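Below: the structure, in structure tokens.
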Amino acid sequence: MTVPLSAPQPLTPLDHALLWAREGHAVALATVVGTWGSSPRPAGSLMAISDTGRVEGSVSGGCVETDVITAAQAIMAGAPPEVLSYGVSSARAWEVGLACGGKLDVLVEAVHSPACPSGTLPEALLAEACAKQTARTGALLARTLDGVKHLLISDLTTESTPPGFPAELIPAALACLNSGRCRNEPDAQGMDWFLQPLTPPPRLLIVGAVHIAQHLALMARMTGFSPVVIDPRTALATPERFPGFILGETLLTEWPDDALGELGVDNMTAIVTLTHDAKLDDPTLEVALRSPAFYVGALGSRTTQASRVERLREIGFSEQETSRIHGPVGLAIGAIGAEEIALSILAQIVAVRRKAALANNPGW
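Per full-length UniProt numbering, the sequence shown starts with residue 1, numbered consecutively.
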């Protein structure tokens, strides 16, 4: 069996926008382009809206969505792009329910397509952005806040300036790509640009199709991760035990180290091994520790963890390298049973990804 280079990923609002546009519908994209204080969603959050009323994604905790959808319908009908501002000082914010003490700016623009010729966001650029995310290739989406200029930039360097992009914004764009955080920057002419890194969706590679994995894979999918379950033990790695997972795509029966090599581990990948079997766990950890994965975890007691670290040290891994392993895996929440252990593991993965200072090592 050949392992796919990239397993299927959950559809993003960009994917939905492109799908709807290709189905012949007018589509608008709403993007959070500014936040202050206790705003409910971070800059870069997206919501796709179609002329049929379909909506995917969100720009707030639910308080301004209806108002944004109403504006989007007018923009799809021919109105120009607009930045909607909500804050405690504006009457509009109180009308829609954003009374949380923050401020939120949302850019709403329509996709230029046969169904919406007045749109300003090129469908071809949207397609390219979706393709890069599917291929897990990072890029920068740069837009002016008047909704007129749109650029998708890859391979940005200090030595070259992409056509149409202000040279003075290159340092800010590089900082944006390195940090993974959106930025608002004015160019030399005073035009405001929104710089948005399009990073691959977070991915969770679960080694061991055990009971905990059944719950962890489901929870991961619900929280926006793209999970893949890997286990050469075909009696465990079955579609019946993992509903919705496709054998050969998101459910793999290859040896873990081979599968990880083919999947291509990047810095948006978390790896967890749950097998309790050294002949599966150890090769997995060898690959994981040589990769840029942002999280590496291994199930087992403190005694088991000490033994595996010793084996890894014997084959040349340093103390600094083995310290990357979260083991025993999961946050110390007193979890009992497969469901709660899965919850503690996913919580730890999120905490590491968000750089939150939380407890470690529950010691199952």
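Using N, Cα and C, we set each Cβ at its ideal position, and we do this for glycine too.
Model, not experiment: these values are computed from the prediction.
Where residue i falls: helix, strand or coil (DSSP)
| i | result |
| --- | --- |
| Trp-255 | coil |
| Asn-267 | coil |
| Arg-308 | helix |
| Ser-344 | helix |
| Leu-274 | coil |
| Ser-179 | helix |
| Val-186 | It is Pro, not Val, that sits at residue 186 in the sequence shown. Residue state, collapsed to three classes: strand. |
| Thr-12 | coil |
| Gly-57 | strand |
| Leu-260 | helix |
| Ile-333 | coil |
| Cys-63 | coil |
| Ala-357 | coil |
| Met-191 | coil |
| Ile-69 | helix |
| Glu-23 | coil |
| Arg-290 | coil |
| Gly-280 | Per the sequence shown, the amino acid found at residue 280 is Leu instead of Gly. Of the three classes helix, strand and coil, the one that applies to Leu-280 here is helix, per DSSP. |
Residue i burial status per 10 Å Cβ neighbour count (16 or more: buried)
| i | result |
| --- | --- |
| Gly-337 | exposed |
| Ala-131 | exposed |
| Gln-320 | exposed |
| Leu-205 | buried |
| Asp-155 | exposed |
| Met-222 | exposed |
| Gly-61 | exposed |
| Gly-300 | buried |
| Arg-143 | buried |
| Ala-77 | exposed |
| Val-148 | exposed |
| Pro-117 | exposed |
| Ser-226 | buried |
| Gly-87 | buried |
| Leu-29 | buried |
| Glu-159 | exposed |
| Ala-17 | buried |
| Gly-190 | exposed |
| Gly-119 | buried |
Nonlocal neighbours in the same chain, by C-beta distance under 6 Å from residue i, ignoring five residues either side
| i | result |
| --- | --- |
| Cys-176 | Arg-183, Leu-195 and Pro-197 |
| Tyr-295 | Ala-270, Ile-349 and Val-352 |
| Ala-21 | Val-27, Val-111, Ser-113 and Glu-123 |
| Val-55 | Ile-49 |
| Ala-209 | Val-229, Asp-231, Leu-236 and Ala-237 |
Own chain residues within Cβ distance below 7 Å of residue i, not counting five before or after
| i | result |
| --- | --- |
| residue 365 | Residue 365 lies beyond the stretch modelled for the chain, which goes from 1 to 364, so this question has no answer here. |
| Asp-266 | Arg-136, Pro-200 and Pro-292 |
| Leu-141 | Ala-129, Leu-152, Gln-196 and Leu-198 |
| Ala-335 | Ile-341, Leu-343, Ser-344 and Pro-362 |
| Val-108 | Ala-28, Ala-30, Val-68, Ala-71, Ala-72, Ile-75, Pro-81, Glu-82 and Leu-84 |
Sheet register partners of residue i (DSSP bridge)
| i | result |
| --- | --- |
| Gln-196 | Leu-141 |
| His-326 | Gly-297 |
| Leu-84 | Val-106 |
| Trp-36 | Lys-103 |
| Thr-31 | Leu-46 and Leu-107 |
| Val-228 | Leu-205 |
| Pro-122 | His-112 |
| Ser-160 | Thr-157 |
| His-150 | Arg-143 |
| Leu-247 | Leu-251 |
Presumed contact (8 Å Cβ cut-off) between residue i and residue j, rounded CB distance
| i | j | result |
| --- | --- | --- |
| Val-83 | Val-106 | 7 Å |
| Ala-298 | Leu-285 | 6 Å |
| Gly-24 | Ala-115 | 5 Å |
| Gly-57 | Leu-46 | 5 Å |
| His-150 | Glu-339 | About 44 Å separates the two Cβ atoms, so there is no contact after all. |
Chain-order list of residues whose beta-carbon lies under 8 Å from that of residue i (same chain, five-residue window excluded)
| i | result |
| --- | --- |
| Thr-35 | Arg-41, Pro-42, Ala-43, Gly-102, Lys-103, Leu-104 and Asp-105 |
| Pro-186 | Asp-192 and Trp-193 |
| His-326 | Tyr-295, Val-296, Gly-297, Ala-298, Gln-348, Val-352, Asn-360 and Asn-361 |
| Ala-167 | Thr-161 |
| Arg-311 | Ala-278 and Asp-282 |
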